[in-house]
Amino acid sequence: MRTAKEKFIEKLILFCGLASIFFVVLIFLFLLKEGISVFKTVSPGDFLCGKKWYPISEPAQLGILPLILGSLLVTLGAAVISIPMGVACAIYITELAPAKIKEILKSGIELLAAIPSVVLGFVGMITLVPWIKNIFHLPTGLTALTGAIMLAFMAMPTIVSIAEDALYSVPKSYREGAFALGATHWQVIHRVILPAAASGILEAVMLGLGRVIGETMAVMMITGNAAIMPHSIFQPVRTLTATIAAEMGEAVVGSEHYFALFAIGIVLFVISFAINVTADLFLHRKTK
Amino acid sequence: MDNPKIQINNLDLWYGDFQALKGVNTRFREKVITAIIGPSGCGKSTLLRVFNRMNDLAEGVKTTGEVVIDGQNIIAKGTDLVTLRKKVGMVFQRPNPFPLSIYENIVFGPRIYGETNRMKLEEMVENSLKSVLLWEELKNKLRKPALSLSLEQKQRLCIARLLAVRPDILLMDEPCSSLDPQATTRIEELMRELKVNYTIVIVTHNMQQAARISDETGFMLLGELIELGRTEELFTKPRDKRTEDYITGRYG
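Chains as they are written, first to last, in my numbering: chain X, 181 to 468; chain U, 23 to 274.
So this is what it looks like as structure tokens:
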């Protein structure tokens, strides 16, 4: 009786585990099936490197390079802002902050994570967009930079909380050893604690970036949504995600445009996957 | 007595409301090994951690009295901890090399004191490793991660790392408690060699170890230093009844 129950639970857990893999594979196959059809009309090279995205003109031009660059620009911008700030914030929380401030900061960051992205986009639209426009004397405040700043806010909570865990898990004995050698607090932090926590911090950064690259709503609202080749961060751009979200509703099912949007999905999938794999590789190299 | 390297006057220490050290008065002689023994929780590690102010890392620690090293009261406010810890190095119970290469571990100290000359750093690495008898084993593996070493090698490396900053005083907090008996013997031999140049204070729960290696021994109980004197005398003719009870195994 008992063993039967054990067996049943074991099988159930196995089933759940396999199911998650099964669904991932299913999603990918579905994406692939729908997306691959676009290559009947455009070559993969033209699709990835084409500079014009006019999906409903006749004939349709399906080059997603502007979209890829739009995503990269916004993501890189967000990374440049959120990584140093996030890591510095995690260091402050773990190493320097008095207990009370630590609690306030931690709940503040959790709160930041709880803001829905559409709300963040909305706030950005009202406050940040006019501000960027005035400061840089731009024709419009809906730019890649605006998107990057808002997305930095979204990446921060992930980066801070995971980096903080990584810093906490550095053995106390390393700190003691370094202090006992006469190191100052800053020397202990940057020569011992940061290197020891490097793999965890990298993981934090990757997960933060993963969140940024997949983000849709906020970027759609504040980056201007112009599918043109970006030349600087002060221009409107459109990201891969925003393209799918904005156009999927109006694309005719079974049309080239429809398949192209699925192909964009594949590209996004590959990018996210690549980020995760890189992070994994680094992590494993460190632990070896 | 001659050459007091560390002179302690009326030292009291509290962790919050708990008094961990009670009116300690004693002195530690230069270039000898002094062992501090006593049952767990008697304050021996705390006393050791006064000498390089490691207790400062814990919160709510209050210290009063005087601890004079080379004429300077190191308990006083405004003591430069960096200079103090350069002079008074510490080896911990569990070997704690940094997760860096062997080389980087040893140059850690010299680097934070501003040494950047490669030749000098390499020379320091060689000398320090030679003093702890690791040079022959490790000279071709200096770039290997320190965490790949055996426990004994790690502990030796930690001592080498310390010697690279040229301290005067070595504090050792149960340095052999995570090592096997053979490794313990070898570390003890190393300590005997080191005492020619360094003043060593070792905390140990192992009375035999204290008897084997130390010139002087202090016995602590419940935060008090009961007595401190020549090791043979303390173990053969203890002045205090409590010392006698402890070394004969009545408690502890």
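Even for Gly, the Cβ is constructed at its ideal location relative to N, Cα and C.
- At a cut-off of 8 angstroms, the C-beta of proline 121 (chain U) has a neighbouring C-beta in chain X.
- One thing to note: methionine 386 (chain X) has its Cβ within 8 angstroms of the Cβ of alanine 459 (chain X).
- Asparagine 77 (chain U) counts as buried, since no fewer than 16 other beta carbons sit within 10 angstroms of its beta carbon.
- Taking 3 residues as the minimum length, the beta strand (DSSP E) runs contained wholly in the region 198 to 231 of chain U are 221 to 225, in order along the chain.
- Counting C-beta atoms within 10 angstroms of its own C-beta, tyrosine 354 (chain X) has 16 or more neighbours from the protein chains shown and is therefore classed as buried.
- Neighbours of lysine 108 (chain U) in chain X, taken as residues whose beta carbon is under 7 angstroms from its own, are Gly362 in chain order.
- Distance from the CA atom of isoleucine 263 (chain X) to the CA atom of valine 392 (chain X), rounded to whole angstroms, is 12 angstroms.
- As the crow flies, the alpha-carbon of proline 246 (chain X) is around 20 angstroms from that of leucine 389 (chain X).
- When only Cα atoms are considered, isoleucine 373 (chain X) and leucine 212 (chain X) end up about 44 angstroms apart.
- Lysine 27 (chain U) and phenylalanine 50 (chain U) have their C-alpha atoms some 6 angstroms from each other.
- In the structure shown, the three-state DSSP call for leucine 171 (chain U) is coil.
- Spatial neighbours of glycine 327 (chain X) in its own chain (CB-CB distance under 6 angstroms, excluding positions within 5 residues in sequence) are listed in chain order as Val254, Val399, Ile402 and Thr403.
- It is roughly 30 angstroms from the alpha-carbon of glycine 63 (chain U) to the alpha-carbon of leucine 347 (chain X).
- For the region 58 to 71 of chain U, the set of positions with a beta-carbon nearer than 7 angstroms to some beta-carbon of chain X is empty.
- Linking arginine 264 (chain U) to methionine 242 (chain U) through their CA atoms gives a straight-line distance of about 10 angstroms.
- Between threonine 253 (chain U) and alanine 232 (chain U) the beta-carbon gap is near 7 angstroms, inside 8 angstroms, which marks them as a contact.
- Between leucine 228 (chain X) and alanine 168 (chain U), the alpha-carbon positions lie close to 47 angstroms from each other.
- Counting the other Cβ atoms within 10 Å of the Cβ of leucine 291 (chain X) gives fewer than 16, which makes it exposed.
- In this chain, the alpha helix (DSSP H) harbouring leucine 245 (chain X) covers 245 to 271.
- The beta carbon of glutamine 41 (chain U) is closer than 8 angstroms to those of Asp34, Leu35 and Gly245 in its chain, skipping five residues each way along the sequence.
- The C-beta of phenylalanine 73 (chain U) comes no closer than 8 angstroms to any C-beta of chain X.
- Rounded to the nearest angstrom, the gap between the Cα atoms of glutamate 211 (chain U) and glutamate 383 (chain X) is 45 angstroms.
- Residues Val340, Ala343, Glu344 and Leu347 of the same chain have their beta carbon placed closer than 7 angstroms to that of alanine 270 (chain X), with the five preceding and five following residues left out of the count.
- Within the region 343 to 356 of chain X, the residues whose Cβ lies closer than 7 angstroms to some Cβ of chain U are Ser353, Tyr354 and Glu356, listed in chain order.
- Contact note: valine 372 (chain X) reaches chain U through Phe120, Pro121, Leu122 and Phe130, using a C-beta cutoff of 9 angstroms and chain order.
- Within chain U, no C-beta atom comes less than 8 angstroms from the C-beta of alanine 328 (chain X); the nearest is roughly 34 angstroms away.
- Using a CB distance cut-off of 8 angstroms, leucine 79 (chain U) counts as an interface residue toward chain X.
- Contact annotation for alanine 384 (chain X) against chain U: no contact, minimum CB-CB distance about 18 angstroms [criterion: below 7 angstroms].
- Against chain U, the CB of glutamine 367 (chain X) has a partner CB under 8 angstroms away; the residue lies at that interface.
- Below the 7 angstroms Cβ cutoff, chain U contributes no neighbours of proline 278 (chain X), its closest Cβ being approximately 10 angstroms away.
- Any Cβ of chain U closer than 8 angstroms to the Cβ of phenylalanine 359 (chain X) would place that residue at the interface, and such an atom is present.
- In chain U, no part has a C-beta under 8 angstroms from the C-beta of alanine 199 (chain X); the shortest such distance is about 39 angstroms.
- Membership of methionine 112 (chain U) in any alpha helix (DSSP H) is not indicated; the residue belongs instead to the beta strand (DSSP E) covering 110 to 113.
- The DSSP-derived three-state label of glutamate 144 (chain U) is helix.
- Classified as buried, threonine 423 (chain X) has 16 or more neighbouring CB atoms from the shown chains inside 10 Å of its CB.
- Bounds of the beta strand (DSSP E) holding glycine 240 (chain U) are 238 to 243.
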